[in-house]
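Structure first, then comments.
Protein chains: 4
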Amino acid sequence: MDELTARVRAFAEERDWQQFHTPKNLAMALAGEVGELLAEFQWLTPEQAATVMDDPEAGARVKAEIGDVTIYLTRLADVLGIDLSEAALTKLDEVATRYPTVEARGSAKSAR
Amino acid sequence: MDELTARVRAFAEERDWQQFHTPKNLAMALAGEVGELLAEFQWLTPEQAATVMDDPEAGARVKAEIGDVTIYLTRLADVLGIDLSEAALTKLDEVATRYPTVEARGSAKSAR
Amino acid sequence: MDELTARVRAFAEERDWQQFHTPKNLAMALAGEVGELLAEFQWLTPEQAATVMDDPEAGARVKAEIGDVTIYLTRLADVLGIDLSEAALTKLDEVATRYPTVEARGSAKSAR
Amino acid sequence: MDELTARVRAFAEERDWQQFHTPKNLAMALAGEVGELLAEFQWLTPEQAATVMDDPEAGARVKAEIGDVTIYLTRLADVLGIDLSEAALTKLDEVATRYPTVEARGSAKSAR
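Next up, the structure:
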């Protein structure tokens, strides 16, 4: 198991929080944190958003929210018994087959 | 750089999709995929949700959505120049300081 | 135009905020507020969630988040020129045709 | 009760779906539909997003997703016993007090 999964699991167990960490609850918490991440960007112009990490305060808030999203995604995957990297790489391979590089170049319709 | 970040970056570059992968767009895409993940759980009872991975079809859909969420989180972090594990571990340390194990045990108020 | 749409529009114009209220920004803000709404429920058991409005503090927070979600949905619909009730009733009619009452009764698969 | 609330309630009762329409489930469904709404905008440029309703197909999809979001928000409010308009107007009044028009004009920090 990778270090982050182990640390997040230990963190929950030390506080006796497994009872709250059901798949539905964790999925809701993940959505809540993604909402907080979006809130950091919602009023920024595309230019401001592209350089947000250059601003010490705004950049720190974005990094913190990315951290929260990662924590809950990691915890949810652990509770479900899913390997995050393996799930992502498998999905990438499937999408790569459906959108070969030649046809997909520069097209918004398949920009996934 | 870890393998997943490199694979997702190459995937986008091969299809000339960097133009679409701005921070705001990627944050929106992340929220969209988390929405699809929640949709897999929304009508399940807590018991059905706890054993969803035992169902071949439902389990495969959950794994695919977890994969999509991970892909977009990885891509967003790459575009922002944020290390996912480091951001998560830093946040965990901060929360651990605010919620020491003794006071936090079993309490819903601090179940983060 | 209904009262809420007019009030939300006036609220934005009085503060010169139309510049920020683009469709993408408002959709992100809507997602952010839905995230805050989910956060009020994420650690509650189904029983606690069912009676949350009986708790003065928790109920007030839920009502406030419902208010925020409604404000942004109203503003987004106004900016796009969409009538919320008409859009909802039209969609209900379409779904009613796809899921006639006899077949759909009590089935999770079509519980939309 | 307004027409939409009554229609959505009848729709659920006719199909015996009240069992699935718990506050947590409906909040998750709402987040799922908002995710689908964001997906309609995520790859559009600000200019394309501003004129999306001029495109018959894209505009119809946006209207359908706005419809779905409204249906679930209406159902959730009904189950919780919250009046959507009253909750939104109350929240608007509170925010108006915190951000009086003079100080807030044109400022991103208070663009809520």
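Residue numbers (this note's numbering), protein chains in the order written: chain G, 1156 to 1267; chain P, 1156 to 1267; chain Z, 1156 to 1267; chain B, 1156 to 1267. In this text, a Cβ means the ideal position worked out from N, Cα and C, and glycines have one as well.
Three-state class that DSSP yields for residue i in the structure shown
{"i": "Y1227(G)", "result": "helix"}
{"i": "G1222(G)", "result": "helix"}
{"i": "L1137(Z)", "result": "Chain Z is shown from 1156 up to 1267; residue 1137(Z) falls before or after that span and cannot be answered."}
{"i": "T1245(Z)", "result": "helix"}
{"i": "G1187(Z)", "result": "helix"}
{"i": "T1177(G)", "result": "coil"}
{"i": "R1170(P)", "result": "coil"}
{"i": "T1160(B)", "result": "helix"}
{"i": "P1211(Z)", "result": "helix"}
{"i": "D1238(Z)", "result": "coil"}
{"i": "T1252(B)", "result": "helix"}
{"i": "A1165(B)", "result": "helix"}
{"i": "L1192(Z)", "result": "helix"}
Within chain P, partners of residue i - CB distance below 8 Å
{"i": "R1162(G)", "result": "L1244, L1247"}
Contact list for residue i against chain B, beta-carbon separation under 8 Å
{"i": "A1251(Z)", "result": "F1166"}
Closer than 7 Å at the beta carbon, the chain G residues around residue i
{"i": "D1233(P)", "result": "Correct list: empty, because the minimum Cβ distance to chain G is about 11 Å."}
Contacts of residue i in chain Z (Cβ-Cβ under 7 Å)
{"i": "T1215(B)", "result": "Going by the sequence as given, residue 1215(B) is Ala instead of Thr. Under the 7 Å cutoff, chain Z gives no residues; its nearest Cβ is about 10 Å from A1215(B)."}
Contact list for residue i against chain G, beta-carbon separation under 8 Å
{"i": "R1230(P)", "result": "Simply none; closest approach about 10 Å."}
Contact check, residue i vs residue j, beta carbons under 8 Å
{"i": "G1187(P)", "j": "E1191(B)", "result": "yes"}
{"i": "L1239(Z)", "j": "T1229(Z)", "result": "yes"}
{"i": "V1189(G)", "j": "V1189(P)", "result": "yes"}
{"i": "A1269(Z)", "j": "V1207(Z)", "result": "Since the first residue of chain Z shown is 1156 and the last is 1267, residue 1269(Z) is not available in this structure."}
{"i": "Y1227(P)", "j": "L1159(P)", "result": "no"}
{"i": "T1256(P)", "j": "E1169(G)", "result": "yes"}
{"i": "A1165(Z)", "j": "Q1173(Z)", "result": "no"}
Residue-chain proximity (residue i, chain A), Cβ-Cβ < 8 Å
{"i": "G1190(G)", "result": "Included in the structure are the protein chains G, P, Z and B, with no chain A among them."}
- prompt: Counting Cβ pairs, one atom from each stretch, are 3 or more of them under 8 Å apart for the segment 1178–1189 of chain B and the segment 1231–1245 of chain B?
  reply: Contact holds between the segment 1178–1189 of chain B and the segment 1231–1245 of chain B, because three or more Cβ pairs, one in each stretch, are under 8 Å apart.
- prompt: Listed from N- to C-terminal order along the chain, which residues in the segment 1172–1184 of chain B have their beta-carbon within a distance smaller than 8 Å of any beta-carbon of chain G?
  reply: Those residues of the segment 1172–1184 of chain B that come within reach of chain G (Cβ to Cβ, closer than 8 Å) are K1179, A1182, M1183.
- prompt: Counting Cβ pairs closer than 8 Å, one from the segment 1170–1179 of chain G and one from the segment 1190–1205 of chain P, do we hit at least three?
  reply: At 8 Å Cβ cutoff, the stretches touch.
message: Closer than 8 Å between beta carbons: that is the criterion. Which residues of the segment 1185–1212 of chain G meet it against chain B?
response: Hits within the stretch, in order: A1186, W1198, L1199, P1201.
task: Check whether the segment 1242–1253 of chain G touches the segment 1213–1224 of chain G, counting contact only when three or more Cβ pairs, one atom from each stretch, lie closer than 8 Å.
output: Counting Cβ pairs under 8 Å, fewer than three are found: no touch.
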